[in-house]
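Just so you know, we're using the working numbering here: the sequence shown kicks off at 107 and counts up by one. Yeah, the Cβ is synthetic: ideal placement off N, Cα and C, and Gly gets one too. Fair warning: this is a prediction, and the values are worked out from it, not measured in the lab. Read through the structure below, which is laid out as structure tokens, and then see the notes.
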Amino acid sequence: GSVSKIKWTPLGNAKRGTDPREVVVALPPAFGDQFQKTIIDVPHAEVLRQVFAGIEEEGCNYRVIKVYHTADVAFIAHAGAKLSGSGIGIGILSRGTSVIHQRELAPLANLELFPQCPLLDAEVFRQIGKNAAKYAKGENPVPVPTRNDPMARPRYQGFAALLHNKEASYLDRGKSPVEFTVEIA
């Protein structure tokens, strides 16, 4: 089948938003570029399509940034939250690991953590978008149900470590986050 392409248009250094109904989707540099799909082959275009749809279904808006100084999903999500008009950000690693974060929380604290990337499918990404938007509106949503597979870690751990190292190779520790418009074709 045909693979959806993501067109990235940089808008310059990401600034703090003023829209109280905005969720910032924060990504590492290689997301949708050097990497095209999660660890279980969910295309990055579909990940973004679902997250964006979830946010919009709750009546909120999204902005997309790429964070260049870290490959740690908690710090990526926190960078997004700090730049978000609502104070809510979603961080998504190329392999799929995701976090919903809030500006006021410490980087390693968060609203919701989705550490088992092998269990995150398109529907879960849509729910992540919906919940982030609900937090942006001041609601307290029921956390997205996460499946747990005790075999996922041993089965994917080596592969995840390789992906992390490859992802980290694209970092630029001196570069500020950049805002992008995203078109999914």
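Bridge pairing for Tyr168: Val129 [DSSP].
Restricting attention to Val148, Ser275, Lys188 and Glu162, the CA atom closest to the CA of Ala132 is found in Lys188. Here the C-alpha atom of Ser110 lies approximately 34 Å from the C-alpha atom of Ala215.
CA-to-CA, the gap between Ala238 and Gly264 works out to about 30 Å. Excluding residues up to 5 positions away in sequence, nothing lies with its Cβ nearer than 8 Å to the Cβ of Asp147 in the same chain. Residue burial is scored here from C-beta neighbours: Val248 has fewer than 16 other C-beta atoms within 10 angstroms and is therefore classed as exposed. By the neighbour-count criterion, in which 16 or more other beta carbons inside 10 Å mark a residue as buried, Leu117 falls on the exposed side. Rounded to whole angstroms, the Cβ separation of Gly235 and Ile161 is 4 Å, and the two are in contact under 8 Å.
Rounded to whole angstroms, the gap between the alpha carbons of Pro251 and Gln222 is 12 Å. In the DSSP annotation of this structure, the continuous segment of the alpha helix (DSSP H) that includes Gln233 starts and ends at Ala228 to Ala242.
Taken through DSSP and simplified to helix, strand or coil, Pro224 comes out as helix. For Gln142, the three-state secondary structure derived from DSSP is coil. Scanning Leu199, Glu128 and Glu210 for the CA closest to the CA of Leu219 turns up Leu199. In the three-state scheme derived from DSSP, where H, G and I count as helix and E and B as strand, His207 is classed as strand. In the structure shown, Pro149 adopts extended strand secondary structure according to DSSP, grouped into three states.
In this structure, the alpha-carbon of Tyr168 lies about 24 Å from that of Leu225. For the pair Ala258 and Val173, the Cα-to-Cα distance works out to about 27 Å.
Residue environment for Ser204: buried (at least 16 other C-beta atoms within 10 angstroms of its C-beta).
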